[in-house]
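Let me begin by presenting the structure, written as structure tokens, before commenting on it.
Protein chains: 2
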Amino acid sequence: MHIYLYLYRVVLLTGLLLGCSQAKSQSSHNGEDGYRTWLRYELVDDQQLLHSYKNQIQQVQVTTGTPTMQVVEAELFRGLTGLFGTTVENSPKLNSNGTLLLGTPENSPLIASLDFNKKLEQLGTEGFLIEEKKLQGHQCIVITANTDLGVLYGTFHFLRLLQTHQNINDLEIVSAPQCKLRLANHWDNLDRSVERGYAGRSLWEWSTLPEYAHPRYTDFARISASIGINGVAINNVNADARFITSQFLTKIETLANIFRPYGVKVYLAINYSSPVTLGGLKTADPLNSEVIDWWEKKTAEIYSRIPDFGGFLVKADSEGQPGPKTYGRNHAEGANMLAEIIKPFGGIVIWRAFVYGERQADRVREAYDEFVPLDGKFADNVVLQIKNGPLDFMPREPFSPLFGALPHTNTMIEFQVTQEYLGNANHLLYKGHMFKETLDADTYAKGKGTTVAKVLSGEVYDYPISGMTAVVNPGTDRNWTRHPFVQSSWYAFGRLAWDYQLDAEQLADEWIQQTFSNNETVVKTIKKIMLQSDEAAVKFREPLGLTHIGTSSHYGPAPWSNRSKRFHQADDYGIGFNRTKNGSQAVEQYFSPLNEIYNDIDRVPEKYLLWFHHVSWSHQMKSGRTLWEELVHKYYNGVETVRQMQQEWNLLEGQIDEQRFLHVKALLKIQEKDAVIWRNSCVLYFQTFSQKPIPAGLEKPEFDLNYYKQLEHRIYISE
Amino acid sequence: MHIYLYLYRVVLLTGLLLGCSQAKSQSSHNGEDGYRTWLRYELVDDQQLLHSYKNQIQQVQVTTGTPTMQVVEAELFRGLTGLFGTTVENSPKLNSNGTLLLGTPENSPLIASLDFNKKLEQLGTEGFLIEEKKLQGHQCIVITANTDLGVLYGTFHFLRLLQTHQNINDLEIVSAPQCKLRLANHWDNLDRSVERGYAGRSLWEWSTLPEYAHPRYTDFARISASIGINGVAINNVNADARFITSQFLTKIETLANIFRPYGVKVYLAINYSSPVTLGGLKTADPLNSEVIDWWEKKTAEIYSRIPDFGGFLVKADSEGQPGPKTYGRNHAEGANMLAEIIKPFGGIVIWRAFVYGERQADRVREAYDEFVPLDGKFADNVVLQIKNGPLDFMPREPFSPLFGALPHTNTMIEFQVTQEYLGNANHLLYKGHMFKETLDADTYAKGKGTTVAKVLSGEVYDYPISGMTAVVNPGTDRNWTRHPFVQSSWYAFGRLAWDYQLDAEQLADEWIQQTFSNNETVVKTIKKIMLQSDEAAVKFREPLGLTHIGTSSHYGPAPWSNRSKRFHQADDYGIGFNRTKNGSQAVEQYFSPLNEIYNDIDRVPEKYLLWFHHVSWSHQMKSGRTLWEELVHKYYNGVETVRQMQQEWNLLEGQIDEQRFLHVKALLKIQEKDAVIWRNSCVLYFQTFSQKPIPAGLEKPEFDLNYYKQLEHRIYISE
């Protein structure tokens with residue numbers, strides 16, 4: 005208790021000394037609780053820079069009138085007020101240098117007079133332009149676009165420049181998103197539990213909708229729009245049919261109304277059996293006319309309430325979910341029925357490619373085997389949503405071979421921001437590099453340089469619709485994601501969906517600067533921790549291409565479980581899953597030369613070694629170590645890295661707000677404890693096969709294997 | 005959207021104009037989200053009063069050193085800083101008039117010099133004294149007590165005076181609690197769901213305990229202590245045995261450490277079968293020596309971690325919970341085994357009297373029939389926890405006849421703050437009068453004036469331990485209770501447990517002043533709404549002593565259900581449950597003259613009429629109406645009152661913060677809708693028996709009975 009009280013007093017005093025800044029005093033009073041995410045708009049603490057910003061932005065002229073332009077105005081003034089600590093005049097007249105001018109040529113005669121037409125032609129419906137201009141003799145910064153939404157994106161971009169203390173002289177920024185679909189999937193259930201969410205309950209407070217518009221709905225929309233997200237599937241892909249009852253559509257309509265000005269469309273995951281469950285029909289066969297009738301009526305009802313409804317998201321014939329196969333129809337027939345119905349309304353059908361049964365010896369083959377034969381059979385408003393790897397959001401997987409293998413099927417990727425297999429909301433993890441590893445991967449589908457990202461942007465096959473989605477976890481926890489750093493992956497995902505060329509390190513910088521501080525030491529320290537976090541997470545769990553060796557809760561280790569054994573295949577000879585031409589032949593799903601490289605034990609990247617090969621314990625690795633030694637080395641190194649992260653975090657004491665400092669410090673303690681459990685469980689278990697010692701100089705596991713085995717049955721509560 | 009944006013801008017500007025006040029700017033920035041409950045410490049907006057306060061409190065002298073005195077200091081400065089908008093000096097020297105002096109004679113030589121001994125003798129271990137004194141020639145206000153905890157209670161009391169803008173001249177306040185046990189019961193489950201909670205998940209974040217001390221734990225302790233709560237049973241009485249595993253005790257220890265300086269002891273609800281479930285024994289028979297051994301070891305383990313552990317709370321042999329009866333032992337034998345074990349540690353056993361089976365024709369008789377024969381058999385560190393009414397937290401029940409009927413058994417009452425049968429967290433309700441109705445009820449156990457409150461305070465039977473508990477609902481929702489007004493019942497409960505003579509109206513005033521505003525119109529308007537809310541809640545649901553006619557979720561109406569029929573007994577003749585001497589004879593459980601009064605259809609208070617009597621539809625009521633007309637009148641009047649509450653609330657627009665104004669406005673809309681559903685369901689259903697018309701001039705139900713019947717199956721999500 006002592007330390008808390010002491011800190012509380014320090015914080016109180018600090019707050020008082022800082023004086024009037026609204027944002028400061030709020031964070032001093034409560035500590036920084038993370039609610040504001042990266043939209044904190046803290047006072048610019050570099051006096052010279054602040055002076056220069058104030059000089060460049062002496063007044064604002066923003067055309068309002070539409071709901072989106074009102075949002076632009078509100079966000080801009082919220083931002084400037086916080087950043088400057090003073091109000092900026094909102095003036096209808098251009099009467100001084102240093103005017104920030106926002107609008108479209110359509111709603112602002114001044115902007116129309118500037119002849120941006122040529123530049124605007126490249127921007128489409130969402131891109132924006134930020135440019136310094138002389139106008140009626142006055143120096144102005146103009147934020148413009150073809151649409152109000154483009155102006156909003158430009159506004160968020162401009163506020164990001166200020167929040168990260170960028171130079172705003174001579175601005176000339178042209179930006180348009182590379183992916184049309186930039187979505188988030190919420191695995192939220194009707195009872196407000198969130199599958200793999202770990203951050204409290206669902207944001208959608210069904211008991212008070214539609215009457216009550218909780219302020220979080222608006223803040224959620226702001227957060228989403230600030231990183232370019234333009235659609236959210238608000239419910240779990242393991243879908244409860246009742247989401248599309250009239251009772252719930254009334255509630256969802258209210259959410260859609262709140263999201264609309266922010267350019268965030270609502271999508272709904274549907275249950276394929278709805279015509280039976282809700283409609284009382286005897287079948288949900290997609291070719292049955294009563295079924296088609298039922299879906300037509302339901303779709304019309306949805307659009308009557310939500311005219312810009314995005315479309316349906318479907319998990320069919322997978323993990324027990326119903327689907328067209330029950331009725332002898334294939335995925336294309338199943339999807340196209342819905343696609344045809346929704347097309348006149350401008351909607352789409354997102355069909356998940358995550359399907360597997362127990363029929364095949366190698367689960368990672370299944371999605372490819374199922375969908376490649378259907379290429380070209382899907383309607384043009386169907387898009388196939390494919391997880392980044394062929395298995396299931398493992399700490400590391402090679403990219404799914406479906407990317408590039410579907411020239412005639414709209415394709416989008418499904419990433420996971422929430423940390424299902426990665427310590428849930430207890431572990432510090434930044435997924436920027438993980439996303440980039442997949443996006444930058446070369447599929448060789450049309451020769452060298454055919455990266456996954458280019459497939460998703462439609463550059464490779466000219467898909468009419470394509471893009472990226474991520475399973476996110478914001479919930480009722482005050483800071484949205486429980487672990488404050490889950491926000492960093494949410495942020496990076498959105499930014500990459502807008503521009504896949506952005507660098508994971510740069511995005512880390514941006515996120516830290518906006519979320520914590522612009523102080524160089526702070527940024528450097530936190531960035532170092534973030535950039536170590538992903539490799540550490542892989543190393544202490546599943547290094548060298550190992551996979552799926554966790555408990556059924558997906559939190560702790562269970563290499564001894566039957567499921568795990570199917571994946572790691574450890575035996576007296578060695579370890580790893582043989583997916584070569586002599587094994588499951590999954591390598592053949594990749595284009596040349598990847599198929600040859602992955603097939604070759606000497607050429608396959610070591611990070612994927614045990615994914616593709618069953619390898620002898622004494623196999624010599626590039627490091628000169630044997631496989632056993634290398635495996636042990638990785639596990640130990642993973643734990644060491646977590647300990648380094650702890651030490652580095654401790655350097656931040658007094659450099660950032662105490663609330664988050666103490667929170668993350670405590671969580672890192674949990675992470676270190678868990679990492680040791682993973683390491684010791686796996687090393688001791690695999691040792692029963694390798695029969696080799698833990699190399700000298702490494703700390704001995706504190707307990708024996710039996711101890712770690714019984715830990716599997718600890719009570720673990722993720723809510 | 006328009007209105008929200010507009011309001012947002014107004015709020016922002018207001019925040020800026022208000023300037024430096026930390027508390028103000030925080031609430032302006034976020035709106036007022038309810039997190040601070042009644043501990044808001046808003047700037048005193050009456051300039052003259054502020055000036056006078058500042059004059060009277062120019063400096064503070066507080067002895068620290070112990071954890072509780074540090075808490076005193078922190079709370080005091082937090083409060084004064086907010087209320088005054090400036091810092092107050094914390095001075096070790098008495099160098100001016102206007103010193104606030106805090107401490108005990110033991111830790112403050114100055115206070116010791118004041119010779120308060122005589123007054124302190126009356127105060128016990130928790131009472132406090134606030135008195136103006138001249139000291140070394142300087143005018144001082146002294147807050148003192150026999151213990152640090154007493155000083156803390158005095159500090160909260162003093163801050164309450166300031167928050168409610170009371171005159172603090174010539175203070176001479178002596179206050180000591182009437183009840184020793186002032187507890188809260190949290191029906192929190194191990195998976196963080198909360199039975200009948202309706203405000204998000206459990207406050208206890210098990211996944212990050214013990215490493216992470218969530219700031220809410222401290223704020224929860226502050227809130228509890230501020231109203232005198234001195235213990236919390238942190239888990240559901242339907243108890244998961246795993247709460248007392250070592251894994252969880254480590255976590256609970258951290259909570260206890262945080263609560264300790266605030267005088268809040270931890271109690272645990274236990275599962276009576278734990279020796280079987282956790283210990284692997286074959287029995288949980290309280291007379292079995294292995295069972296006794298097991299509990300001895302477990303109790304010692306608990307006390308080794310939590311030296312001031314409060315004790316066990318047991319729901320045994322009720323609603324499927326295990327208990328001593330399984331082994332042929334009675335409740336006393338079951339409780340005494342634990343009591344003997346825990347006694348050396350200073351702990352107690354709280355045994356719930358809420359037991360019933362399906363064996364009796366009248367459930368309300370059962371607790372009395374079960375426990376009165378056991379009076380005198382319970383150990384002196386066992387206390388029987390009895391719900392306020394003999395049934396189950398119904399909107400209105402007569403008090404339980406067990407109060408007063410157990411001269412030799414320690415007795416405490418169990419109220420419910422959470423609104424299980426009263427609209428959950430969707431409806432505005434203030435339970436102050438409901439609590440008082442029970443506390444002020446005369447049991448006549450020792451003649452006139454033997455009120456329930458006096459039984460609970462130990463004035464009637466000199467119980468060594470006794471008191472009050474309430475089932476509360478604070479959860480992870482930002483404002484703790486979801487409906488902002490549930491806080492008002494939480495507040496009133498705590499204050500009444502300290503002093504049952506307090507008035508429900510005064511407590512409403514206090515709560516409003518601290519929670520909303522000291523503005524007279526605001527206080528008057530909100531108070532009017534609160535004081536109507538309880539009768540309205542009874543009227544539109546279960547007027548005239550009707551009971552238990554809700555759905556199985558306890559939210560909506562279902563008078564047609566089999567359970568409801570057992571309770572209302574409506575038939576062609578009339579309605580009501582015959583508990584007279586000619587019926588179930590439950591009236592005989594009350595002392596004379598209550599038994600005669602309740603037995604007499606002409607003397608029984610009409611609010612309990614149908615609780616005790618089966619009454620003809622044409623029975624003439626005091627109003628001159630027939631029973632049918634009166635029943636209909638009550639139902640309609642209940643709805644009308646809710647509509648009045650809506651209108652009155654609307655008057656507050658612009659008078660209080662927008663965030664809560666809009667929130668409660670939306671919730672009142674839900675409440676009105678629900679009230680109409682209750683009214684129409686009940687009136688239409690009972691009409692099928694009475695065969696009488698709805699009196700002329702009343703609005704006709706919009707739909708027929710079948711419509712309302714199917715509403716019972718609406719999806720209702722309370723989380």
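Order-wise, the sequence lines are chains X and L.
Residue numbers for the first sequence follow the working numbering, so the first one is 5 and each next one is one higher.
Residue numbers for the second sequence follow the working numbering, so the first one is 5 and each next one is one higher.
Yeah, the Cβ is synthetic: ideal placement off N, Cα and C, and Gly gets one too.
The three-state secondary structure of M472 (chain X), taken from DSSP, is strand. Between G204 (chain L) and T480 (chain X), the C-beta gap is smaller than 7 Å, which places the two residues in contact. In the three-state DSSP reduction, F403 (chain L) falls in the coil class, being neither helix nor strand. Around the Cβ of E110 (chain X), a 10 Å sphere holds fewer than 16 other Cβ atoms; the residue is exposed.
For L671 (chain L), the residues of chain X that pass the 8 Å Cβ criterion are T212, E215, Y216, in the order they occur in the chain. For E509 (chain L), no beta strand (DSSP E) encloses it; the enclosing alpha helix (DSSP H) starts and ends at 508 to 519.
Taken through DSSP and simplified to helix, strand or coil, R356 (chain X) comes out as strand. Look at A116 (chain X) here: in three-state DSSP terms it is helix. With 16 or more neighbouring CB atoms inside 10 Å of its own CB, K391 (chain L) falls in the buried class.
DSSP places T525 (chain L) in the uninterrupted alpha helix (DSSP H) bounded by 524 to 543.
Nearest to L133 (chain L) by C-alpha distance, out of L:A149, L:K122, L:G141, is L:A149. Only those residues of the segment 190 to 205 of chain L whose C-beta falls short of 9 Å from the nearest C-beta of chain X are listed: L194, D195, R196, S197, Y202, G204, R205. Distances from the CA of G128 (chain X) to each of X:Y157, X:I530, X:E136 were compared; the closest alpha carbon is that of X:Y157.
For the options L:Q251, L:I605, L:P181, L:L291, the alpha carbon positioned closest to that of N234 (chain L) is the one of L:P181. Considering only beta carbons, the part of the segment 469 to 481 of chain X lying closer than 8 Å to chain L consists of T480, D481, in chain order. For R220 (chain L), the uninterrupted alpha helix (DSSP H) run begins and ends at 219 to 230, by DSSP. Assignment of A237 (chain L) by DSSP, reduced to helix, strand and coil, places it in the strand class. The straight-line gap separating the alpha-carbon atoms of E524 (chain X) and Q517 (chain X) is approximately 9 Å.
Contact between F382 (chain X) and T413 (chain X) holds: CB atoms are separated by about 5 Å, below the 8 Å threshold.
The beta carbon of V646 (chain L) lies closer than 8 Å to those of A540, F544, L672, Q675, E676, A679 in the same chain, with the five residues before and after it left out. In the three-state scheme derived from DSSP, where H, G and I count as helix and E and B as strand, C686 (chain L) is classed as helix. Taking C-alpha positions only, H335 (chain X) is separated from V270 (chain L) by approximately 56 Å.
Of all alpha-carbon atoms in L:G587, L:G580, L:Q593, the one lying nearest the alpha-carbon of E610 (chain L) is that of L:G580. Around G453 (chain X), the same chain offers D446 as residues with beta carbons nearer than 7 Å, after the five sequence neighbours per side are excluded.
Around the beta carbon of A243 (chain L), 16 or more other beta carbons lie within 10 angstroms, which makes this residue buried.
Between Q74 (chain L) and T68 (chain L), the CB-CB gap stays under 7 Å. If you draw a 10 Å sphere on the C-beta of E370 (chain X), you find 16 or more other C-beta atoms in it, and that means buried. Secondary structure at Y271 (chain L): strand, using DSSP grouped into helix, strand and coil. Residues of chain L with a Cβ closer than 9 Å to the Cβ of R718 (chain X) are, in chain order, Q251. When DSSP states are grouped into helix, strand and coil, D373 (chain L) belongs to the helix group. DSSP, reduced to helix, strand and coil, places A449 (chain X) within a strand of the structure shown.
Buried is the label assigned to G86 (chain L), since at least 16 other Cβ atoms lie within 10 Å of its Cβ. A distance below 7 Å between beta-carbons, with the five flanking residues on each side excluded, links N483 (chain L) to the following residues of its chain, in chain order: D37, G38, Y39. Boundaries of the alpha helix (DSSP H) around G154 (chain X): 152 to 167. By the Cβ criterion, the segment 415 to 422 of chain L is in contact with the segment 487 to 500 of chain L, since at least three pairs of Cβ atoms, one from each stretch, lie closer than 8 Å.
Neighbourhood of N430 (chain L) in chain X, by CB distance below 7 Å: S211, T212, in chain order.
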